[in-house]
Every structure is written in structure tokens, then in C-alpha cells.
Amino acid sequence: MPHHSAPFAKTADDAHTARRTRRSAAHADGAFTADLLGAFQTIRDGISLFGADGRLIMANARFACLYGLEPTLLTPGTSFDAILTGMAGPGEFKAVHDISQKVRQRAAKSTAAESYVLASTKGRVVQVTDHPLTAGGWLTVHSEICVAEACEPSVPTSSHDPLTGLLGRDVFRIVLDRSARQCTVPTAQCKVVSQFALVSVSLDTLGSINDVHGSGTGDAIMVAAAGRITEMFGDGTATARVDANEFAILVWLGSEPEHALARIDRLAKVLATAYSAAGMELAGAFSIGIALAPMHGTDAETLQRRAEIARRSARAARRTQPQFFNALLEEQAAQRRTMERDLRQAVADKAFGLVFQPIVDLRTGAISSAEALFRWTHPELGPVRPDVAIAIAEETGLIQQVGEFVLEAACRAARQWPQSVSVCVNVSATQLGNPDFVNTVLGVLARTGVAPNRLMLEVTETVLLENQNCGTVMESLSAAGVRFALDDFGTGYASMHYLIAFEFDQIKIDRSFVRDLPNRSDCQAIIQAVVGMGRALGKEVVVEGVETEEERRALSGLGTLLAQGFLFAPGLPGDGVGSFARLTHAVRDAKWRLDADRSAVAQAS
Ligand code: G
Ligand code: G
Ligand code: MN
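In my numbering, the protein residues as written are 504 to 1108.
What follows is the structure, given as C-alpha cells:
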């Protein structure tokens, strides 16, 4: 037992006290021990005190009662092993043997208190906290967190989640509460800090797994994931299922925090490997967030909130590696809450705008259609990125209203344009998955008097992937004459399957293929192939993100007919008097260059 420099040994008096404590613990001398034991008997928690030799110095009656131990085992001098055997027996705390090794190691090395959780097969859950002693040995506090039968109304009776067998939400909250209270912030008097990590894990694709493969498959994956968590953190670590698709793990960092954190990293990899369920190999998308105590919080609520903020940020960035909490994330989360609140008001006030970006026919320079792009300027935060605003609208259930606003405003603008020019509107997963969307679209078309074939709905592959109802909604709308574009083609799965499974009229090649196009023979080859495929399938092909004259010229050589990008025009106001003239005016320069190009070719030949 290494003697860490006791923070008490400062004055002669302190040194004397420390020496005396050491001597008392070591010798367990009669009167002093009896006094302590008397005091211990009045405490609600079980208390046990072991010496450096691994033998019992004293334990209170509550300790014996919690684990159903024979009273004879409480005799001073009983070995730790004998008591563990007793615990595994009548009280049925089977896991105790797994942790005994760890307890000894901790007692030998650690200077900080650490907790773990023991559960009996009868449903009793005990949170155990070891306090290593300066003199060697350890004092342990055993707090009952859940009882088999409700003898106290304040204690939850259902300790475990019935599906996964992990701890349930209420019990976990109590464990977290106690642990948070016990992890101390270092002060001048006490440098000993018990640190732990609260790990929040969610299976983000549980909903879609349930929808596609049935909830039995979703359950099977949750059970398998819980098994992988237990395998990695089975030794008394509190592991819980806290929501339908959410796990929580409380990991004590002890004297070697980097080991514990590496274990969490490994868990991320382990969870991400495929699951065999319903005769298939299925992957699950997990997100993991970590808040550290006491660094990120010293109460359960703060720690839970911050671990969740970290997890959501991992989710938003589609990171599979654990994300630690940091202050910037909290600021972003606060901004998001502000936006959520104010988006509601903006919906009520219809305080949004649209801009329209022309799609140009490269042969003539004429505008063939224009894409409506959503714009929202927050009163304090300024312009909000449309993908962020749309994501918030989806989460808050405001997407139907926002979507209808966009459709209506886009069609109202298109009514003022030439009949030959279509209007393109982006639609999100939640919109297209809702069967009511068919009537929303048809209603808007009827109200604005725009012909259905002048409306082109832009859909990304992710939308199709995340939603199973899309097919039927698209079929109904196609039957009514509405057209569809496959947006951002090439960035997702570039699945040829979608091109035949759904009725797309147009393919929009993502702008990433256009960057530096004149020097990229690989991108040229891809664009040429997609253009050829579009021609063969009878689908229009649009190249997005054309920014330079060189890119345009390279594209013309690849047989591309339609293009969109800042070279022609950015998004522009497209509504009101003279709106179309404004769009035409913007692309006039491009048209002029096109004509110049053509006459140069004529002169050369
Ligand atoms: O215009 P900007 O580049 O900032 O748009 C960023 C993203 O937001 C683009 O991917 C675009 O498809 C999306 N977006 C813009 N307007 C809308 C809209 O009205 N509905 C949906 N679902 N997405 C939009
Ligand atoms: O994902 P979607 O294709 O719907 O995205 C459209 C977005 O692309 C619009 O918000 C628009 O602002 C942006 N965009 C349009 N043209 C260009 C361009 O030439 N370069 C870049 N970087 N972005 C563009
Ligand atoms: Mn688009």
C-alpha cells in the first residue's frame, strides 16, 4: 500500500491524528472500534471496514441484512473472500466475485472513492462505494437503491429494464445522483477527486429499423447492444437503458482515467459492428456523448443534460466516435433552443423568404427552371442556414407548415413566370413520408393555378433511405403530373436502384464533382457517364455548383445540357413585379459569354 502524502499531515496535531487513525485501523483496538460500530449501527446504509490484510475490522448489521449474510460472518477477522462467498449465496449477488479482484486493486492503488453497482437476482440493487484508507484497507458504504418488494415508497421497485436486463431509468438516476454528490471538487484541504464519466449512448436508427424490419428486430438489436455494453462494462459499472433507444453508463475513471476512456472508445467500435437479427446482418447507427464529473457538473441533472448535448452533437455530425461535452456545444444547443422557440413564431407570422436560383440551358442560355431556396433571418442570430432551419422544423414538427409555406410561395412566384419555366422545391424526409403531403401539394397547385408538370420536387437519397412511405407518396404525385429530381446525386449511395425504383424525371449531379473540373479527368468521366445514363433513361441531367467559365466550358464538352451555379446566378428574389425579368437579367451575362463562345467556334471553322 503506497502511502500517498496525507493532506492532513500538516501540523503536529494533524500528524498525530493521522498516526492514531492508522494505528486504530491496523489494530482495531477494542474501545475505539466499539464506539465506531455503535455509531455505524444507526446509519441507514451498510458499512464495512476492511484492513490492509483483507480481513474485516467491523461491519454494521445493515450490511449483513442487505446481502442476507449469516451474522457469524460479521466477526472481526473474517476474510473478504468468505464474505464475498456469503454474498453470492443467500442474497444471490452473483456478480460479486467478478468485482472482488477489482476492489483489491483499487484498495491498493487508488486514492479516490469509486462506486459500482451490485444487483441480486431477487431485484435488490445496492450501490457500493469503496473509500481507500490512508492506512491501507478500505471503508465501504452500501446504499440500497432498489428493493425487491416495495417496503419504502421512495425506492423504485422495478430495478431493471425488462427487455435488456440493464438497470432501469429511475434506479440509474439514483446511482448518478449519489455518485455526483460523492465526487468532490479538489480544494486546498482535499486534493482527492473521484472522477467519473457519464456516457450517453443512443441507437439513432431504432425507429427506422422498427418500421422496416418490425419492432421484434429493433428489440433484438437493443438486446444485443446491451449485451455488448455489459461485456465491456460488466464488472459492477452501472449500465442502464434510460429510454427506448438510449443507454447510459457510469464509468469511474479511477487512477488510470486513460484506460477507462479508451474502453469507451472501444465500445463505440464494438457497437458499430453489424448485428445478426431476423436472419440478416444489420448495422445500427449509434451516437455517444460523454460528460465528466466533476469537470462538467457535480449534479445528476447537469451531467445528464451535458452528456446528451454531446451525444446530439455527435449525431448531428454523424460521428460514430464518442463526443466529449464542451462549452461551445452548450452555446450551440442554447442557440438551437432559441431557434426552436422563434421558428414557431416565424411560422405563425410567415416570416420566411424564398430566393430562386435559375437552372440554365447551356445551349441557349435560357432559363429552364428555378430552384426555390428557403431563407430565414432570425431577429437576433441573423440568417440561419436553411438546412439547419429545416432540421429544426423537422424535430419540432413544424416541417409540414414550413413545407407548405415554401410550396405555396414557390408556386405563387412561378405563376408570374413563362409557362415553359418550372419551379423546383426541395422536400425533406418527414414531408415526403407523410401521406397527407399528396393533398398538400395538390391543394397548393389548385390554389395557385400552376400546372402540376411545372412543379419539380427535389429529393435526396437520404430522404428515400430514411423513409419507407416515400414510394407511395411519390407515385400518387407522379400520377397527378408532378415531377421529381434526385438531388445531390453522387454524394450518398449513388444508388442506381433509386433511379428505377422511383419515378425521377431529373438527376442533379452534386457540386462536388464540378470543383476544379478542367483538371479532374475522373470527375469529367463521372459527369459524362451520368449524362449518358440520363440520356439513355430519358431523364434530364443538371450539373450543380458551376462557378467558373472554365467549368462551364468543360461541361459543354461533356454533353451537359443543364447547369446551375453562381456563374449564372445565385439565389435571387423571384416574386413580385418583374421577377422573371430579374432572373433573366442575372443570367444575361452568361448568355452573352455563350454567344461569344459560339462565334469564336464559327470563326475558327
Ligand atoms: O441555399 P443553401 O445552399 O444555403 O441551402 C442549403 C441546403 O438547404 C441545400 O441542401 C438545400 O437543398 C436545402 N434547402 C433549401 N431550401 C429548402 C427547402 O425549402 N426545403 C428543404 N427541405 N430543404 C431546403
Ligand atoms: O442540396 P441542394 O442542391 O438543394 O443545394 C442547393 C444549394 O447550393 C443552394 O442553397 C445554393 O446556395 C448552393 N449553391 C448553388 N450554386 C452554387 C455554387 O455555384 N457554388 C456553391 N458553392 N454553392 C452553390
Ligand atoms: Mn436542391
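We put the CB at the ideal spot given by N, CA and C, even for glycine.
Does ligand 3 have even one heavy atom less than 6 Å from the beta-carbon of GLU961?
-> Counting from 1 along the sequence shown, the entry for residue 961 is found at position 458. The answer is yes for GLU961.
Under three-state DSSP, which class holds TYR619?
-> Taking the first residue of the sequence shown as position 1, residue 619 is located at position 116. Strand, per DSSP.
Local Cβ density within 10 Å of PRO635, reported as buried at 16 or more and exposed below that | Counting from 1 along the sequence shown, the entry for residue 635 is found at position 132. Burial call: buried.
Starting from ILE862 and walking both ways along the beta strand (DSSP E), at which residues does that stretch end?
-> Position 359 of the sequence shown, counted from the start, is the residue given in the question as residue 862. From DSSP, the beta strand (DSSP E) with ILE862 extends over 856-864.
Just the Cα atoms here: how many angstroms apart are SER872 and ASP939?
-> Your numbering for residue 872 matches position 369 in the sequence shown. Your numbering for residue 939 matches position 436 in the sequence shown. The alpha-carbon atoms of SER872 and ASP939 are separated by roughly 26 Å.
Between GLU874 and CYS914, is the Cβ-Cβ spacing less than 7 Å?
-> Numbered from 1 along the sequence shown, position 371 holds the residue referred to as residue 874. Numbered from 1 along the sequence shown, position 411 holds the residue referred to as residue 914. Against a cut-off of 7 Å, the Cβ pair of CYS914 and GLU874 comes out as no contact.
Could you spell out where the alpha helix (DSSP H) holding GLY721 opens and where it closes?
-> Working through the sequence shown from its first residue, we reach residue 721 at position 218. Counting along the chain, the alpha helix (DSSP H) containing GLY721 begins and ends at 718-736.
Euclidean distance between Cα positions of MET561 and ALA765 | Here the question's residue 561 lines up with position 58 in the sequence shown. Here the question's residue 765 lines up with position 262 in the sequence shown. Near 37 Å, if we compare the C-alpha coordinates of ALA765 and MET561.
Which residue comes first and which comes last in the alpha helix (DSSP H) that contains LEU577?
-> The count along the sequence shown starts at 1 and reaches residue 577 at position 74. First-last for LEU577: undefined, no H or E at that position.
Quick one: is GLU647 near chain D, going by C-beta distance under 7 Å?
-> Of the protein chains in this structure there is only one, and it is not chain D.
Closer than 5 Å to ligand 1: residues, by C-beta to nearest heavy atom, in chain order = LEU876, PHE877, PRO889, ASP890, ILE893, VAL909, ASN929 and SER931
Do ALA728 and LEU774 have their CB atoms nearer than 7 Å?
-> The sequence position of residue 728 within the sequence shown is 225, counting from 1. The sequence position of residue 774 within the sequence shown is 271, counting from 1. Yes; because the gap between Cβ atoms is below 7 Å, this pair is in contact.
Does the distance from the CB of LEU552 to the CB of LEU642 come in under 7 Å?
-> Locating residue 552 in the sequence shown gives position 49, counting from the first residue. Locating residue 642 in the sequence shown gives position 139, counting from the first residue. Taking 7 Å as the Cβ cut-off, LEU552 and LEU642 qualify as a contacting pair.
List the endpoints of the continuous beta strand (DSSP E) containing HIS881.
-> If you number the sequence shown from 1, residue 881 lands on position 378. It spans 870-881 - the beta strand (DSSP E) in which HIS881 sits, taken as one unbroken run.
If you count every other CB in all the chains shown that lies within 10 Å of the CB of ILE550, and 16 or more means buried, which is it?
-> Taking the first residue of the sequence shown as 1, we reach residue 550 at position 47. When all chains shown are included, ILE550 counts as buried.
Presumed contact (8 Å Cβ cut-off) between LEU709 and MET725, rounded CB distance | Residue mapping note: residue 709 aligns to position 206 of the sequence shown, counting from 1. Residue mapping note: residue 725 aligns to position 222 of the sequence shown, counting from 1. With 8 Å as the limit, LEU709 and MET725 qualify as a contact, their Cβ atoms being about 7 Å apart.
Opposite VAL992 in the DSSP bridges: which residues?
-> Here residue 992 refers to the residue found at position 489 when the sequence shown is read from its first residue. Checking the sequence shown, residue 992 turns out to be Phe, not Val. According to DSSP, PHE992 bridges with ILE1012.
Using beta-carbon positions only, say whether ILE862 and VAL745 come within less than 7 Å of one another.
-> Residue mapping note: residue 862 aligns to position 359 of the sequence shown, counting from 1. Residue mapping note: residue 745 aligns to position 242 of the sequence shown, counting from 1. Their beta carbons are not under 7 Å apart, which means ILE862 does not touch VAL745 by this criterion.
Cβ of LEU910 within 7 Å of Cβ of VAL941?
-> If you number the sequence shown from 1, residue 910 lands on position 407. If you number the sequence shown from 1, residue 941 lands on position 438. Their beta carbons are not under 7 Å apart, which means LEU910 does not touch VAL941 by this criterion.
Going by beta carbon distance, what residues of the same chain come within less than 7 Å of LYS772, once the five residues before and after it are set aside?
-> Along the sequence shown, read from residue 1 onward, the residue named residue 772 stands at position 269. The answer is none, since no qualifying residue turns up.
In three-state terms, what does DSSP make of GLU655?
-> By 1-based counting over the sequence shown, the position of residue 655 is 152. Its pLDDT being 43, under 50, GLU655 is placed unreliably by the model, and nothing is read from it.
Can you have a look at VAL930 and say buried or exposed, based on whether 16 or more other CB atoms are within 10 angstroms of its CB?
-> By 1-based counting over the sequence shown, the position of residue 930 is 427. Per the 10 Å Cβ criterion, buried.
Report the residue ranges of all alpha helix (DSSP H) runs contained in full by the segment 918-987; include only those spanning at least 4 residues, in chain order.
-> 932-936, 940-951, 964-969 and 973-982
Could you say which of PHE789, SER779, SER711 and SER758 lies nearest to VAL702 if we only look at CA atoms?
-> On the sequence shown, residue 702 is found 199 positions in, with the first residue counted as 1. Nearest of PHE789, SER779, SER711 and SER758 to VAL702, Cα basis: PHE789.
Alpha carbon to alpha carbon, what distance is there between VAL962 and LEU569?
-> Numbered from 1 along the sequence shown, position 66 holds the residue referred to as residue 569. Numbered from 1 along the sequence shown, position 459 holds the residue referred to as residue 962. Roughly 60 Å between the two C-alpha positions.
Going by CA-CA distance only, name the one from GLY1079, GLY936 and THR805 that's closest to GLN919.
-> In the sequence shown, residue 919 corresponds to position 416, counting from 1. Among GLY1079, GLY936 and THR805, the Cα nearest to that of GLN919 belongs to GLY1079.
Go to PRO886, then tell me how far its beta strand (DSSP E) extends in each direction, as first and last residue.
-> In the sequence shown, counting from the first residue as 1, residue 886 sits at position 383. Per DSSP, PRO886 belongs to the beta strand (DSSP E) from 885-887.
ASP991 and ASP1013: beta carbons closer than 7 Å?
-> For the purposes of this step, residue 991 is taken as residue 488 along the sequence shown, with counting starting at 1. For the purposes of this step, residue 1013 is taken as residue 510 along the sequence shown, with counting starting at 1. Yes, the Cβ-Cβ distance between ASP991 and ASP1013 is below 7 Å.
Shortest alpha-carbon distance to VAL953 belongs to which of ASN937, ASN972, GLN922 and LEU960?
-> On the sequence shown, position 450 is the one that residue 953 refers to. Per the Cα distances, GLN922.
Which residues does DSSP pair with GLN480 in a beta bridge?
-> Coverage of the chain is limited to positions 504 through 1108, which leaves residue 480 absent and any answer about it impossible.
Pick from PRO882, LEU1061 and ALA1072: whose alpha carbon is nearest that of VAL1049?
-> Position 546 of the sequence shown, counted from the first residue, corresponds to residue 1049. The shortest C-alpha separation from VAL1049 is found at ALA1072.
Supposed close pair VAL905, VAL850 - CB separation, criterion 8 Å = Against the sequence shown, residue 905 aligns to sequence position 402. Against the sequence shown, residue 850 aligns to sequence position 347. VAL905 to VAL850, Cβ: 6 Å. Contact.
What first and last residue would you give for the alpha helix (DSSP H) that runs through ILE793?
-> Position 290 of the sequence shown, counting from 1, holds the residue named residue 793. Taken as a continuous stretch (DSSP letters only), ILE793 belongs to no alpha helix (DSSP H), being part of the beta strand (DSSP E) at 789-796.
Measure how close the beta-carbons of GLU749 and SER705 come, nearest whole angstrom, since I'm counting them as under 8 Å.
-> Looking up residue 749 in the sequence shown gives position 246. Looking up residue 705 in the sequence shown gives position 202. Confirmed, about 5 Å.
Count the C-beta pairs between the segment 662-676 and the segment 622-631 that are closer than 8 Å, then say yes if the count reaches three, no if not.
-> yes
Do ASP1112 and ligand 3 come close, with the Cβ less than 6 Å from some heavy atom?
-> Residue 1112 lies beyond the range of the chain shown here (504 to 1108); nothing can be said about it.
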